[in-house]
Amino acid sequence: MNDLPNPSIIHHSSLIIAWMAVLPIRTFPDPFLKTPSRPVERITPMIHRLIDDLIETVRYHPRCVGLAASQVGVSLRVAVVDVTGHAKVQRSGGLMVIINPQLVGQVGELIQREGCLSIPDFTANVRRASRIQVKALDRFGRSWSRWLEGFEAIAMQHEIDHLDGKLFLDRVANVRTDVFRRKRYWFPERR
Ligand code: NI
Numbered sequence: 068m069n070d071l072p073n074p075s076i077i078h079h080s081s082l083i084i085a086w087m088a089v090l091p092i093r094t095f096p097d098p099f100l101k102t103p104s105r106p107v108e109r110i111t112p113m114i115h116r117l118i119d120d121l122i123e124t125v126r127y128h129p130r131c132v133g134l135a136a137s138q139v140g141v142s143l144r145v146a147v148v149d150v151t152g153h154a155k156v157q158r159s160g161g162l163m164v165i166i167n168p169q170l171v172g173q174v175g176e177l178i179q180r181e182g183c184l185s186i187p188d189f190t191a192n193v194r195r196a197s198r199i200q201v202k203a204l205d206r207f208g209r210s211w212s213r214w215l216e217g218f219e220a221i222a223m224q225h226e227i228d229h230l231d232g233k234l235f236l237d238r239v240a241n242v243r244t245d246v247f248r249r250k251r252y253w254f255p256e257r258r
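Mind the numbering: the sequence shown is residues 68 to 258 in our numbering, read in order.
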């Protein structure tokens with residue numbers, strides 16, 4: 068009996084390995100990115116796995132501050148945002164898991180350069196609200212609401228757009244003056 072490994076430990080550790088994955092990103096002009104995502108009706112283990120994989124995928128890509136489920140081919144209103152440590156951020160609320168988010172307040176205006184893993188070749192100047200109030204469910208289905216400002220508010224609006232089937236290119240005022248080809252490509256660090 069004693070030399071048999073504890074099955075619960077083996078099962079547990081293999082689950083953790085299976086539950087963390089860097090997912091492939093869909094890129095423009097994949098029509099999936101233009102399709103509005105469906106609301107989450109029930110938070111299942113599949114949703115938890117999706118959230119963990121979104122977090123893992125964001126952290127794999129340097130300077131990535133958010134990711135929506137539609138970008139990895141899942142049509143559900145789930146996204147993550149974390150602007151911690153980004154050069155443009157002084158104050159951050161840390162990692163936010165957003166399920167079925169709604170923008171319930173919008174104030175002010177801000178034009179900022181945006182990029183997106185799904186549009187690797189371009190950046191653009193995009194006009195958005197400078198302060199927003201977002202309401203969403205967390206990964207346990209608890210409702211939360213928060214005011215965000217500046218870069219963090221921009222990142223949140225960008226991810227909610229993904230869930231509505233919109234890309235930052237759809238919000239550009241003038242394609243000729245406000246869209247920029249990336250001068251050089253950057254690659255994720257190999258870990
Ligand atoms: Ni994006």
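Heads up, the beta-carbon is just placed ideally off N, CA and C, and yes, glycines get one too. All figures in this text were calculated on a predicted structure; none of them were measured in a lab.
- Cβ neighbours of ARG206 within its own chain (closer than 8 angstroms, five residues either side excluded): ILE110, ILE114, HIS115, ILE118, VAL164 and ILE166.
- With a minimum length of 3 residues, the unbroken runs of beta strand (DSSP E) contained wholly in the stretch 110 to 190 fall at 133 to 135, 145 to 148, 163 to 174 and 177 to 181.
- Counting every other CB atom within 10 Å of its CB across the protein chains shown gives GLU176 a total below 16, marking it as exposed.
- Per the Cβ contact rule, the stretch 90 to 109 is in contact with the stretch 231 to 240 (3 or more Cβ pairs under 8 angstroms).
- With a cutoff of 7 angstroms, SER137 does not count as near ligand 1, since its C-beta is closer than that to no heavy atom of the ligand.
- For VAL107, the secondary structure class from DSSP, reduced to helix, strand or coil, is coil.
- Straight-line spacing of the CA atoms in SER197 and VAL174 works out to 6 angstroms.
- Within the DSSP bridge table, the entry for LYS250 names no partner.
- Here ALA88 really is in contact with ASP120; their C-beta atoms are around 5 angstroms apart, less than 8 angstroms.
- At the C-beta level, ASP149 and VAL132 come within 8 angstroms of one another.
- Cβ-Cβ distances below 8 angstroms link ARG93 to PHE99, LEU100, SER137, GLN138, VAL139, GLY140 and SER185 in the same chain, with the five nearest sequence neighbours on each side left out; the list follows chain order.
- Considering only ASP188, GLU216 and PRO187, the residue with the shortest C-alpha distance to VAL201 is GLU216.
- Assigned with DSSP and collapsed to three states, LYS202 falls in strand.
- With a contact defined as Cβ atoms closer than 8 angstroms, LEU90 and THR124 qualify at about 5 angstroms.
- If you draw a 10 Å sphere on the C-beta of PRO96, you find fewer than 16 other C-beta atoms in it, and that means exposed.
- In the structure shown, VAL239 falls within a coil segment according to DSSP collapsed to helix, strand and coil.
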